[in-house]
Amino acid sequence: MIGNAHHLLLDALAHTLAAVPDFEVVGMAREEAAVVPVAERTSPGVLVLGAAGTGTTGTALARRVLAVRQGCKVVLVAPSPTRGLVEQAGRAGVWAVVPMDASLGHLVRTVRAVSVGCVPMHLPGPRERREPSRECTLTDRERDVLRLTWAGASAKEVAKELCLASGTVRNVTSTALRKLDGRNRFDAARIAQERGWL
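Below, the structure is given as C-alpha coordinates:
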(Lines of atoms letter the chains of each structure in order from A and count residues from 1; the text may use other names and numbers.)
(Lines give C-alpha, C1' and ligand atoms only; values in the text may rest on other atoms or scores of the structure.)
Protein backbone atom coordinates (compact mmCIF):
# COMPACT_ATOMS: atom_id res chain seq x y z
CA MET A 1 0.00 0.00 0.00
CA ILE A 2 1.19 3.55 -0.73
CA GLY A 3 0.20 6.77 1.04
CA ASN A 4 1.26 10.15 -0.35
CA ALA A 5 -0.46 13.51 -0.80
CA HIS A 6 1.21 14.32 -4.14
CA HIS A 7 -1.08 12.77 -6.72
CA LEU A 8 1.44 12.68 -9.59
CA LEU A 9 4.13 11.12 -7.41
CA LEU A 10 1.66 8.65 -5.90
CA ASP A 11 0.36 7.48 -9.28
CA ALA A 12 3.88 7.17 -10.75
CA LEU A 13 5.15 5.28 -7.72
CA ALA A 14 2.16 2.93 -7.63
CA HIS A 15 2.52 2.19 -11.34
CA THR A 16 6.25 1.55 -10.98
CA LEU A 17 6.02 -0.65 -7.89
CA ALA A 18 3.15 -2.65 -9.42
CA ALA A 19 5.49 -3.50 -12.31
CA VAL A 20 8.11 -5.01 -9.97
CA PRO A 21 7.97 -8.83 -10.01
CA ASP A 22 6.41 -10.23 -6.80
CA PHE A 23 5.08 -6.79 -5.75
CA GLU A 24 1.38 -6.03 -5.60
CA VAL A 25 -0.05 -2.58 -4.87
CA VAL A 26 -3.19 -3.30 -2.85
CA GLY A 27 -4.24 0.29 -2.12
CA MET A 28 -3.43 4.00 -2.32
CA ALA A 29 -4.33 6.94 -0.11
CA ARG A 30 -4.01 10.53 -1.30
CA GLU A 31 -5.08 12.24 1.92
CA GLU A 32 -3.71 11.65 5.41
CA ALA A 33 -7.21 10.93 6.73
CA ALA A 34 -7.59 8.09 4.21
CA VAL A 35 -4.41 6.18 5.11
CA VAL A 36 -5.71 4.35 8.20
CA PRO A 37 -9.07 3.35 6.63
CA VAL A 38 -7.34 2.09 3.47
CA ALA A 39 -4.82 0.15 5.58
CA GLU A 40 -7.67 -1.39 7.57
CA ARG A 41 -9.49 -2.39 4.40
CA THR A 42 -6.53 -3.75 2.39
CA SER A 43 -4.29 -5.25 5.14
CA PRO A 44 -0.98 -4.38 3.41
CA GLY A 45 2.19 -6.28 4.20
CA VAL A 46 4.25 -3.13 3.62
CA LEU A 47 3.05 0.47 3.68
CA VAL A 48 5.17 3.05 1.81
CA LEU A 49 4.31 6.30 3.52
CA GLY A 50 5.30 9.69 2.10
CA ALA A 51 6.12 12.29 4.75
CA ALA A 52 5.73 16.02 4.33
CA GLY A 53 8.22 18.50 5.76
CA THR A 54 10.42 17.01 8.47
CA GLY A 55 8.56 13.72 8.48
CA THR A 56 7.19 14.01 12.02
CA THR A 57 3.67 13.81 10.60
CA GLY A 58 4.69 10.55 8.95
CA THR A 59 5.81 8.96 12.21
CA ALA A 60 2.55 9.97 13.94
CA LEU A 61 0.58 8.51 11.03
CA ALA A 62 2.65 5.33 11.17
CA ARG A 63 1.68 4.93 14.84
CA ARG A 64 -2.00 5.25 13.94
CA VAL A 65 -1.69 2.65 11.17
CA LEU A 66 0.17 0.22 13.44
CA ALA A 67 -2.49 0.63 16.12
CA VAL A 68 -5.00 -1.01 13.77
CA ARG A 69 -2.64 -3.15 11.62
CA GLN A 70 0.14 -4.43 13.86
CA GLY A 71 1.52 -6.79 11.24
CA CYS A 72 2.03 -4.00 8.72
CA LYS A 73 5.62 -2.90 8.06
CA VAL A 74 5.97 0.81 7.41
CA VAL A 75 8.60 2.35 5.11
CA LEU A 76 8.73 6.12 5.54
CA VAL A 77 9.91 8.30 2.64
CA ALA A 78 11.12 11.64 4.03
CA PRO A 79 12.57 14.73 2.30
CA SER A 80 15.56 15.20 4.62
CA PRO A 81 15.73 12.45 7.22
CA THR A 82 17.81 13.55 10.20
CA ARG A 83 19.15 11.16 12.82
CA GLY A 84 16.48 12.50 15.18
CA LEU A 85 13.72 11.67 12.70
CA VAL A 86 15.16 8.22 12.06
CA GLU A 87 15.25 7.48 15.79
CA GLN A 88 11.72 8.84 16.24
CA ALA A 89 10.54 6.68 13.34
CA GLY A 90 12.17 3.63 14.91
CA ARG A 91 10.38 4.27 18.18
CA ALA A 92 7.09 4.61 16.25
CA GLY A 93 7.58 1.14 14.76
CA VAL A 94 8.71 2.24 11.29
CA TRP A 95 10.96 -0.38 9.68
CA ALA A 96 12.89 1.90 7.30
CA VAL A 97 13.36 5.55 6.40
CA VAL A 98 14.21 6.27 2.77
CA PRO A 99 15.44 9.74 1.74
CA MET A 100 13.34 11.45 -0.93
CA ASP A 101 16.45 11.82 -3.10
CA ALA A 102 17.20 8.06 -3.05
CA SER A 103 16.95 6.08 -6.26
CA LEU A 104 13.87 4.04 -7.12
CA GLY A 105 16.06 0.95 -6.95
CA HIS A 106 16.94 1.81 -3.35
CA LEU A 107 13.25 2.05 -2.45
CA VAL A 108 12.47 -1.26 -4.18
CA ARG A 109 15.35 -3.00 -2.34
CA THR A 110 14.18 -1.51 0.95
CA VAL A 111 10.57 -2.64 0.44
CA ARG A 112 11.75 -6.12 -0.53
CA ALA A 113 14.07 -6.38 2.50
CA VAL A 114 11.37 -5.14 4.88
CA SER A 115 8.79 -7.50 3.40
CA VAL A 116 10.89 -10.51 4.45
CA GLY A 117 11.64 -9.11 7.90
CA CYS A 118 15.00 -7.41 7.36
CA VAL A 119 15.46 -4.06 9.09
CA PRO A 120 17.72 -2.01 6.80
CA MET A 121 20.82 -0.60 8.49
CA HIS A 122 19.84 3.01 7.79
CA LEU A 123 17.22 2.75 10.54
CA PRO A 124 19.15 2.55 13.81
CA GLY A 125 16.15 2.20 16.10
CA PRO A 126 16.26 0.99 19.69
CA ARG A 127 15.26 -2.55 18.74
CA GLU A 128 18.53 -2.95 16.81
CA ARG A 129 20.81 -2.02 19.70
CA ARG A 130 21.79 -5.41 21.05
CA GLU A 131 24.74 -6.67 23.03
CA PRO A 132 26.72 -9.21 21.01
CA SER A 133 25.46 -12.66 22.01
CA ARG A 134 28.95 -14.19 21.69
CA GLU A 135 32.38 -13.27 20.41
CA CYS A 136 32.21 -12.26 16.76
CA THR A 137 34.00 -14.67 14.43
CA LEU A 138 33.51 -12.51 11.32
CA THR A 139 36.22 -10.39 9.76
CA ASP A 140 35.61 -6.68 9.18
CA ARG A 141 35.21 -7.37 5.46
CA GLU A 142 32.64 -10.10 6.09
CA ARG A 143 30.72 -7.79 8.39
CA ASP A 144 30.74 -5.03 5.75
CA VAL A 145 29.39 -7.39 3.11
CA LEU A 146 26.69 -8.76 5.42
CA ARG A 147 25.74 -5.28 6.64
CA LEU A 148 25.06 -4.16 3.06
CA THR A 149 23.25 -7.43 2.34
CA TRP A 150 21.05 -6.84 5.41
CA ALA A 151 20.25 -3.40 3.98
CA GLY A 152 18.93 -5.10 0.82
CA ALA A 153 21.88 -4.53 -1.54
CA SER A 154 22.47 -6.96 -4.39
CA ALA A 155 25.86 -8.69 -4.71
CA LYS A 156 26.74 -6.32 -7.55
CA GLU A 157 25.82 -3.29 -5.42
CA VAL A 158 27.89 -4.64 -2.52
CA ALA A 159 30.88 -4.98 -4.83
CA LYS A 160 30.45 -1.43 -6.10
CA GLU A 161 29.94 0.05 -2.63
CA LEU A 162 33.03 -1.68 -1.18
CA CYS A 163 35.16 -1.29 -4.35
CA LEU A 164 35.60 -5.05 -4.64
CA ALA A 165 35.50 -7.49 -7.53
CA SER A 166 32.31 -9.53 -7.78
CA GLY A 167 34.33 -12.73 -7.24
CA THR A 168 35.75 -11.33 -4.01
CA VAL A 169 32.25 -10.55 -2.74
CA ARG A 170 31.18 -14.13 -3.57
CA ASN A 171 34.21 -15.57 -1.74
CA VAL A 172 33.71 -13.35 1.33
CA THR A 173 30.00 -14.22 1.39
CA SER A 174 30.74 -17.96 1.11
CA THR A 175 33.16 -17.79 4.04
CA ALA A 176 30.60 -15.91 6.14
CA LEU A 177 27.90 -18.45 5.18
CA ARG A 178 30.08 -21.31 6.46
CA LYS A 179 30.86 -19.49 9.71
CA LEU A 180 27.20 -18.70 10.37
CA ASP A 181 25.70 -21.88 8.91
CA GLY A 182 23.32 -19.72 6.86
CA ARG A 183 21.08 -21.04 4.10
CA ASN A 184 21.87 -18.10 1.83
CA ARG A 185 23.45 -14.64 2.09
CA PHE A 186 20.28 -13.05 3.47
CA ASP A 187 19.96 -15.74 6.12
CA ALA A 188 23.61 -15.23 7.07
CA ALA A 189 23.02 -11.48 7.38
CA ARG A 190 19.98 -12.15 9.58
CA ILE A 191 21.96 -14.47 11.86
CA ALA A 192 24.80 -11.94 12.20
CA GLN A 193 22.30 -9.17 12.93
CA GLU A 194 20.55 -11.24 15.58
CA ARG A 195 23.89 -11.94 17.25
CA GLY A 196 24.62 -8.22 17.36
CA TRP A 197 27.62 -8.50 15.02
CA LEU A 198 26.51 -5.93 12.45
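Residue numbers (our numbering): 492 to 689.
Just so you know, even glycine gets a beta-carbon here, dropped at the ideal spot from N, CA and C.
Around the beta-carbon of proline 528, fewer than 16 other beta-carbon atoms lie within 10 Å, marking it exposed. Closest in alpha carbon position to alanine 650, among Val566, Arg632, Ala667, is Arg632. When secondary structure is reduced to three states using DSSP, leucine 540 falls in the strand class.
For the 9 Å CB-CB criterion, valine 605 and phenylalanine 677 do not form a contact. Judged by DSSP secondary structure, alanine 679 falls outside any beta strand (DSSP E) and instead within the alpha helix (DSSP H) spanning 676 to 685.
With a threshold of 16 other beta carbon atoms within 10 Å, valine 559 falls short and is exposed. DSSP, read as helix, strand or coil, puts valine 649 in helix.
With 16 or more other Cβ atoms from the protein chains shown falling within 10 Å of its own Cβ, arginine 600 counts as buried. Of the residues Glu648, Pro535, Cys627, the one whose Cα lies closest to the Cα of glutamate 685 is Cys627. Less than 9 Å separates the beta-carbon of serine 534 from that of glycine 562. Contact between leucine 639 and alanine 683 does not hold, since the beta-carbon distance rounds to 12 Å and is not under 8 Å. Arginine 669 and arginine 603 have their C-alpha atoms some 25 Å from each other.
In this model, serine 657 and threonine 664 are separated by some 11 Å (Cα to Cα). Excluding residues up to 5 positions away in sequence, Phe514, Val516 lie with their Cβ nearer than 6 Å to the Cβ of leucine 508 in the same chain. In the DSSP assignment, leucine 567 falls within the unbroken beta strand (DSSP E) covering 564 to 569.
Under the criterion of beta carbons closer than 8 Å, alanine 679 and glycine 673 qualify as touching, at roughly 3 Å. Distance from leucine 567 to alanine 580 at the Cβ level is roughly 5 Å; contact confirmed, criterion being Cβ atoms closer than 8 Å. Collapsing the DSSP output to three states places valine 588 in a strand. About 15 Å separates the beta carbons of histidine 506 and arginine 521, which is beyond the 8 Å limit, so they are not a contact pair.
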